[in-house]
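**Q** Before anything else, here's the structure in question.
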Amino acid sequence: MNLDKITQTIKCEEIVILFIKSRSCNVCTELLLKVEDVVEEEKIKFIDIYIEDNREVGSKYNVFTAPTIIMFAMGKEVYREGRFLRVSELKDKIYKYKKLLL
Numbered sequence: 012m013n014l015d016k017i018t019q020t021i022k023c024e025e026i027v028i029l030f031i032k033s034r035s036c037n038v039c040t041e042l043l044l045k046v047e048d049v050v051e052e053e054k055i056k057f058i059d060i061y062i063e064d065n066r067e068v069g070s071k072y073n074v075f076t077a078p079t080i081i082m083f084a085m086g087k088e089v090y091r092e093g094r095f096l097r098v099s100e101l102k103d104k105i106y107k108y109k110k111l112l113l
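Offset between the sequence shown (1-based) and the numbering used here: plus 11.
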């Protein structure tokens, strides 16, 4: 997915999780599975990309490490976590924003 499509998706969806990973990151692979379970359960739009293939996305969103998760609600960044990610904290943020948007 390119930068334009990602930007459009963020604008159109209520909540979007952007997961930025690297091919050389073993943690990314393990964490991706856990995050996919959460977004599937919560029925949230999910985008995962390799930073190596999408340097313009990394540049636009100031991503300097992998993994990085950015959550957008109503087109605005509301949560960001890099490197040491806690899935429980992501769940809490998703719940909070879903509740606010209802």
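Cβ atoms here follow ideal geometry from the backbone N, Cα and C, with glycine treated the same way.
Since this is a predicted model, take the numbers as computed values, not measurements.
Helix, strand or coil for residue 59? Go by DSSP, reduced to three states.
**A** Looking at residue 59 - three-state DSSP - the assignment turns out to be strand.
**Q** Do residue 29 and residue 58 come within 8 Å of each other at the CB atom, strictly closer than that value?
**A** Going by C-beta atoms, residue 58 is nearer than 8 Å to residue 29.
**Q** Starting from residue 93, trace the alpha helix (DSSP H) both ways and give me its first and last residue.
**A** Per DSSP, residue 93 belongs to no alpha helix (DSSP H); it is in the beta strand (DSSP E), 87 to 93.
**Q** Tell me the rounded alpha-carbon separation between residue 106 and residue 112.
**A** Going from the Cα of residue 106 to the Cα of residue 112 covers about 10 Å.
**Q** Residue 109 and residue 82 look like a contact to me (Cβ under 8 Å); what is the Cβ gap, rounded to whole Å?
**A** Contact flag wrong, Cβ pair sits at about 11 Å.
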